[in-house]
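The sequence shown runs 604 to 1594 under our numbering.
All C-beta atoms, glycine included, are put in the ideal place defined by N, C-alpha and C.
Nothing here was measured: the structure is a model prediction, and the numbers come from that model.
The next block holds one structure in the form of C-alpha cells; read it before the comments.
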Amino acid sequence: MSASLDVLEEEDRSAHLAVVGLACRLPGAANAAEFWSNLAGGVESITFFGPDGQPCAEPPTERTVGEAVPAFGLVTDADRFDAQSFGMSPQEALMLDPQHRVFLECAREALEDAGYDPARYRGAIGVYAGGSETDYLSALRARRDLLAGASDWQLRLATGVDFLTSRVAYKLGLRGPAVTVQTACSTSLVAIHLAAQALLAGDCDIALAGGASVHVPPRFGHYSEGGPLSPDGRCRAFDARAQGTVGSNGAGIVVLKRLADALEDGDTIRAVLRGTAVNNDAAGKIGFTAPSVEGQSRVIETALHAAGVDPASISYLEAHGTGTRLGDPIEVAALTKAFGALEPRSCWLGSVKTNIGHTDAAAGVAGFIKTVLALEHRKVPPSLNFERPNPEIDFEHGPFRVNTELRDWDTHGHPRRAGVSSLGIGGTNAHAVLEEAPTLPGSERSRAPRLMVLSAHGPASLTRAVERLEGHLRAHPEVELGDVAWTLQMGRAAHKHRAFAVGQDTPDVLRALSEQDGSARHEACERQVVFMFPGHGGQHVGMGRELYDSQPAFREAVDACRAHLTPLLGFDLGTVLHPDPTDAAALEQASARMGEFVTGQLSVFVIEYAVARLWKRWGVQPSAVVGHSLGAYAAATVAGVFRLEDALRLVLERSRILASLPAGAMLAVPLPEPELAPLLHGGLALAAVNGPAQCAVSGPVAEIETLQARLMERGVESKLLRIPGAGHSPLVEPSLTAFTACVQRVERRPPQLTWISDRTGVAVTAEEAVDPAYWAAHLRHTVRFGDALNTLFAGPPAVFLEVGPGRTLATLARQNPAAGPHLTAATLPHPADNTSDAVSALTAAGRLWCAGVAISWQGLHGGVARRRVPLPTYPFERQRYLVEAPAAAATVALPATSVSPLPEPELMMEVPELPEDEVVRRVAAAFAEVLGLARVGLHDNFFALGGDSLMAAQVIARLRPHVATPLKVKALFRAPTVARLTRFIAESSPA
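Spelled out as C-alpha cells, the structure:
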C-alpha cells in the first residue's frame, strides 16, 4: 500500500527524494522494460564462449586456477554509437571510449524518461557517476594510423574516467555539478548518495546518478581459489555452491529530484528515496580487499536512521551478493546485525548479479534500478541459482530468506520498502532505503484535441520515433493524451526533422500518425511568421467557439471586444458569435444577424483580433502583418496603429457605410488583370487583384450578374462572394468624407512592426499609417493583395499564417507562383469544413513548429497543469565505431566486422564537387582527415561537423607546410568553412 497525499502531508518529507526517471543498458536488456522482463522471467543474461571465441549455449566447464573464464555479460551494440545525435564527427566518435558513449546515450535517455529537456529546464541539473578502467586507450595508442595523428592528450580526454560526467554535462547542456566518483564496485550507489546530498543541499535541482562499466571486446577474468570470479561463469549468491561472480558490461542512470518539487511539477514518481549512507570499513578487517561486518552493518544502520524507518518495515533487501564464499556470509551477518532481533525470515533477499553478473562501477545502480522496478510492479523478482543455503549463513534464525520465484509483494497494507546495498573493494560501503511511490490523483481525462510533436536528427530516426510512439500508445491506452502531449513538447529537444499529429483520443492520434501527409512532416529551419488577416466572407455562427471555451487568451480578447461593442450595438455580439447550440431560436437569430453587413464585419474583426492574441500567447510573434480589405484593420491594430476600442469604432463605421450603399455584389474572376479590365464598364470596378489570375470585381448587383453571364459564355467560371456590398468601387465615394472625419477622431500611431499595405503592395510608412486620407483611399481603391504577397515573398523564408476565419489567404499565398520556399497555414477551418476549431488551430501550430517556429507550450495548454509521463526515448541510429588492439581482434567474435566507421550518411549527401583549386582541395582534405569524413563540402562548417579546438590545431598543422600564410588556430575559428579559410589564406598571403 503506497502512501496517499494526505499521509505525505502528515510526515516530514523534506529530506525525501523522488526517482523520476531512469535508463539502463545491461546484459540482455537495451532498456528498463527489457530489464524488468528478464528479472521477472528469471532470465540469466550471461553469454558463454567456446574455444573459438564464438558465443555458445553451454556454460564452460569449471576452470582451473589461472585459467580465463569464458563467460561475460554483454551489452548489445556497445561498439556502436549515434555520433550525429551528439554533434560528434566520426573521428571523435571513433576515439571516444565505448564506455563513455554508452553512458552518454543512457544520460540522454534517462532525462527523456523523466520528461526533461535541459535546454528548457530553468533549474540546475547535476550529474554524479563513475566508470571502470578500460583498455581502450591502449587500443587507440596501438592503432594511431586510424586516428589522423591525434595527440596523446586527445586520446586521454576521450578515454579518461575523469571526463565521464563532464562530457555528459557538455554534450547535454547541464549546468549543475558534474562529479566523477570512484569507489570500485560501490561507485554508482555512492554516486546516488552524493547526488541525494547535493539535492538536499541545493547544489542542483535535478540530479543524474549512476555508473558504467563497458569493455569492448569483453574482458575475461581469471579464476583463482577464493577469488571473486566463479570458475563456471555463474553467480550463485548465498548458495552452498557459490564460488564467485562473473564479469559484465553495463550502465545505468537514475534521475532524482526533491520529492516536494516532483509533486509540484507533476513528475511521474517511480519510487521515493528516503535515505542513504556511505562509510568505509577502515582498518578493522583482515586485509585491504576483505569485507567487514562492522563497517557494513554501520552503514545500513545509518541509512535506516536517515530514512526514519524501522528495520521491520523493510520487506525486501537487494544485496551486494557477489556469490563469494567469504563475502556472502559476512554481508548477511552485517545485515542481521543492523536489522536487529526481527521475526525470522521476514525479509526477502536477492542479488541482481545472479541475473546479469557483476557490472563493477555500475553494480550499485543496477541493483537500485531493479528495486525501483520491483516497487513499481509490486512484485519481488527471483534471485537465481539458489538451491541450498551457504552453510556459513544462518537463514533459519535471521530475518532474511532468499527469494527464488516471482511473487506478489504483499505488505499487508503497509508501504512497500526496500534496502539496496553496494560494497566496494577497499571498504567503501553504500546503502539506500527506497519506498514505493505515493498514490497521486490521475490527470483529468478529456477529449479535447492534443498536439503531439516528434523530432529527430534524420528522416529515418523520425520514422522510428513515430513508430515507437504508436507502439507505446497501443500498449498504454490508459495514458492521458494531454500528459503525452505535454511530455513530448516540454521533455524533448526539438531537432531538425519534425513531425506532428493532432487527435482527440488514442485511436484518433494513431490514425493521424499512420496517415501523415507531407504537411505533417518537415525539415525545420529559421523562419519568420507573417500574419495574414482575411476580409469579409468567412464569417459564420459558432466560429472560434472551441477556442473560446478552452483558450484563456482567445476568450479574454473576445470578451474585451464584446465589452466595447455592446454599448455601441445595443446587444452582446457574443450572442451572434456563440449562441447556445441547444437553443433553436437563439441560433436562428444569430444566423440572421451574422448575415447583416455590420454584424458580419465586426464578427470577422473580433475573431481575427482574438486569434492574433491567441498566437501571441502561444509564443508566435509576427515579423510582418498584412490584411485583405477589412483585414487591414486587424493588421493595423496588431501593428500598434490603433487601440482596440478605436479599431472597433472604425470597423463599425466602415461597415455601416458599406451597408448603406445601393445593392451591390462582388464576383471572383480567375483572369489576369489585363484580360479582365477591358470587360469592366459602367459601375463595375476592379475590387481586388489577389494573384496573377485571381481578381475580384465589385459593383451594382445587376451589372455583376451581367458580367457573370458574359464570362460564362467565354467559358470562364466566376463565383459570387459572400459579401453583400460593393466595397472598393465608385459606390463608396459619397461616404469617403464622413469616413475620413471618423478616422481623424481616433488616435493613430506609427506601426511598431512591418505592415504591408494591401493597397500599395509595399510597407506602410509611418506617415501613411496616421493619415486619414490613406484609410479613405483604402476603402475606395483596388485591393492589391497579390502585390503585397510578392513583396513579402522577396523576404527571408517565412510561414504565411492566416489569422481569422477560413483559408482564403493561405490558399492565395500557396497558389502564388512566387511562393518558393515559403509555407502557409490557416488557423480556423472554412465555414463548410466540419473540422473543429481546436483541431484546426493545433494543426496550424504543428505546421509552424515543424517549419522551425518556436511555440510556447505553456501558453498552448492555457495554464492547465499537466504531468510528465514516461514515453519512448530517442531512437538512436547507431553505427560501429571501434578501434581494436591487434591482439584483441581474434579473442572474441563481435557481431560487426568493420574496424573503422563509415561516415555519417547525412554528411555524405549532396556534397558538391570542389573547384579545381589546390588550396581548396588541401583545406578540404585536412578537414576530412581530422574529422574522419570521406569528404566535406565547400561551405560545411568545421565545428558544426563535430570539430573542436584540438582538432582545429591538427587542421592548421596539416596546412602550414603548404601555404605561405603564417596560419594560427584562431584563423579556423574566424573562417570555419573550406571556402572562407581558403579566402583567408589568399587574402593573408604575401603579395
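- In the DSSP assignment, the residues bridged to V858 are G624 and L811.
- For the pair E715 and V1349, the Cα-to-Cα distance works out to about 53 Å.
- Residue state for S1301 is assigned as strand, using DSSP reduced to three classes.
- Nearest Cα to D870 within the set A1537, S1258, L1283 and G718: G718.
- A contact is defined here as three or more CB-CB pairs under 8 Å, and the stretch 1087 to 1107 meets this definition with respect to the stretch 1465 to 1477.
- Beta-bridge pairing by DSSP links Q1482 to F684.
- In this structure, P1353 keeps its C-beta atom at 9 Å or more from the C-beta atom of V1228.
- Under DSSP, Q1131 takes part in a beta bridge, and its partners are A1401.
- V902 sits in a helix when the DSSP states are folded into three classes.
- As DSSP reads the structure, N993 sits in no beta bridge.
- Counting along the chain, the unbroken alpha helix (DSSP H) around F706 starts and ends at P701 to A717.
- In the three-state reduction of the DSSP assignment, I1458 falls in the coil class, being assigned neither a helical nor a strand state.
- For the pair A1193 and G729, the Cα-to-Cα distance works out to about 59 Å.
- In its chain, beyond the 5 residues on either side, A1266, G1267 and A1268 have a beta carbon closer than 7 Å to the beta carbon of V1304.
- A direct Cα-Cα distance of roughly 40 Å separates L1445 from R616.
- Secondary-structure assignment with DSSP links F1545 through no beta bridge to anything.
- Listed as beta-bridge partners of W951 by DSSP are Y919 and R1004.
- With a threshold of 16 other beta carbon atoms within 10 Å, T786 meets it and is buried.
- Under the DSSP assignment, R1124 falls in the beta strand (DSSP E) whose first and last residues are R1124 to E1126.
- Residue environment for H1542: exposed (fewer than 16 other C-beta atoms within 10 angstroms of its C-beta).
- For C838, the number of other beta carbons within 10 angstroms of its own is at least 16, and it is reported as buried.
- Shortest Cα-Cα distance from M1197 to any of Q1224, G1177, T1185 and V1214 involves G1177.
- Per DSSP, the beta bridge partners of V1292 are C1298.
- Considering only G1145, R1048, H825 and R1538, the residue with the shortest C-alpha distance to A1189 is G1145.
- Fully contained in the stretch 1033 to 1100 are the following alpha helix (DSSP H) runs of length 4 or more, in chain order: 1062 to 1078 and 1084 to 1093.
- Under the DSSP assignment, I972 falls in the alpha helix (DSSP H) whose first and last residues are A966 to H980.
- Assigned with DSSP and collapsed to three states, I889 falls in coil, not helix or strand.
- The C-beta distance from F971 to V1023 rounds to 5 Å, short enough to fall under 8 Å.
- In the assembly as shown, Y739 is a buried residue. Its beta-carbon has 16 or more other beta-carbons within 10 Å.
- For G690, the three-state secondary structure derived from DSSP is coil.
- Under DSSP, V1386 takes part in a beta bridge, and its partners are A1291.
- Counting of Cβ neighbours within 10 angstroms places D1162 among the exposed residues, the total staying below 16.
- Under the DSSP assignment, S1025 falls in the beta strand (DSSP E) whose first and last residues are R1020 to L1026.
- Fully contained in the stretch 1124 to 1186 are the following beta strand (DSSP E) runs of length 3 or more, in chain order: 1124 to 1126 and 1131 to 1136.
- Cβ contact annotation for F684 (same chain, cutoff 6 Å, sequence separation greater than five): A696, R704, R1481 and Y1484, in chain order.
- Contact between G878 and A910 holds: CB atoms are separated by about 3 Å, below the 8 Å threshold.
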